[in-house]
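Report on the structure given below.
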Amino acid sequence: MGLLFLGLPEAAESEGFDRDTLDMPAKQIALLEQVAATNQNVVVVLSNGSVVSVAPWAKNAKGILESWLLGQSGGPALADVIFGQVSPSGKLAQSIPLDINDDPSMLNWPGEEGHVDYGEGVFVGYRYYDTYGKVVDYPFGAKIVAAVAAAGELTKLPDNAMMRIFLNSMPINSLSTLLGEGGKKIAKFMVDEYAKLAK
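Structural data, given as structure tokens:
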């Protein structure tokens with residue numbers, strides 16, 4: 001197995017300016033393609049402070065571990081995950097769209113004269129994608145959703161509801177064999193699809 005550490009450099013994301021793309025740097029994608037041509041078992045470890053699009057290059061990786069920005073003690077924590085000491089039990093706290101133009105904020109970007117109009121209102125992130133039936137690359141809460149589908153017993157939902165699964169609140173023993181110690185708890189978020197108030 002080959003580990004390839006990729007991410008966004010400071011020039012691509014920082015305070016004080018907005019990104020105009022979700023793409024990884026072209027040189028990093030080219031590196032991944034070259035490594036994958038010689039090693040079929042490449043795992044990409046991402047380090048970035050905001051969402052990046054993985055769709056254009058995911059086919060070249062056997063696995064993707066999103067570590068975000070770990071901070072000064074991140075190395076030992078990441079090593080524990082890579083060497084199997086800890087189950088990577090994190091869940092996505094935001095949706096990863098297929099393309100930056102799928103994000104509702106792009107309708108008003110970049111704004112005018114330093115003013116940004118947040119015209120999407122409450123329909124940010126998963127609220128927008130769910131409400132308008134938009135396909136995303138990875139949905140909000142993605143890690144646990146795949147495990148729940150594999151567990152089978154938890155996938156049936158009421159006919160008039162949609163379930164979001166993420167973070168920790170409710171013990172589910174059947175998931176421990178799938179996710180290790182880190183995956184014993186989930187939370188269910190129910191959405192009333194018949195509400196009269198848009199939310």
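Read in full-length UniProt numbering, the sequence shown has 74 at position 74, and its numbers run on one by one without any break.
Idealized CB from N, CA, C, for every residue including glycine.
Taking all protein chains shown into account, decide if residue i is buried (16 or more other Cβ within 10 angstroms of its Cβ) or exposed.
| i | result |
| --- | --- |
| alanine 142 | buried |
| alanine 161 | Annotation note: pLDDT 36 at alanine 161 (below 50); position unreliable, coordinate value reported separately. Exposed: under 16 other Cβ atoms inside 10 Å. |
| proline 97 | buried |
| serine 95 | buried |
| proline 104 | buried |
| lysine 196 | exposed |
| phenylalanine 140 | buried |
| valine 116 | exposed |
| methionine 24 | buried |
Leaving aside the five residues before and after residue i along the sequence, list all residues of the same chain whose C-beta is less than 6 Å from its C-beta, in chain order.
| i | result |
| --- | --- |
| alanine 36 | Val42 and Asn60 |
| phenylalanine 83 | none |
| aspartate 137 | Ala55, Ile96 and Leu98 |
| glutamate 66 | Leu46 |
At which residues does the beta strand (DSSP E) containing residue i begin and terminate?
| i | result |
| --- | --- |
| valine 35 | First-last for valine 35: 26 to 38, but that is the alpha helix (DSSP H), not the beta strand (DSSP E). |
| leucine 65 | 63 to 66 |
Which same chain residues, not among the five before or five after residue i, have their C-beta less than 7 Å away from its C-beta?
| i | result |
| --- | --- |
| glutamate 33 | Asn60 |
If you follow the alpha helix (DSSP H) that residue i is part of, which residue opens it and which one closes it?
| i | result |
| --- | --- |
| residue 200 | With the chain covering only 1 through 199, there is no way to say anything about residue 200. |
| aspartate 130 | 126 to 131 |
Who are the near neighbours of residue i in its chain, counting only those whose CB is closer than 8 Å to its CB and skipping five residues on each side?
| i | result |
| --- | --- |
| lysine 134 | Pro97, Asp102 and Tyr128 |
| lysine 62 | Met1, Gln40, Asn41, Val42 and Val43 |
Subject >> Three-pair Cβ contact test at 8 Å for the region 46 to 55 versus the region 3 to 16 >> reply: yes
Original post:
Is the region 110 to 124 touching the region 66 to 75, taking contact as three or more C-beta pairs under 8 Å?
Top reply: no
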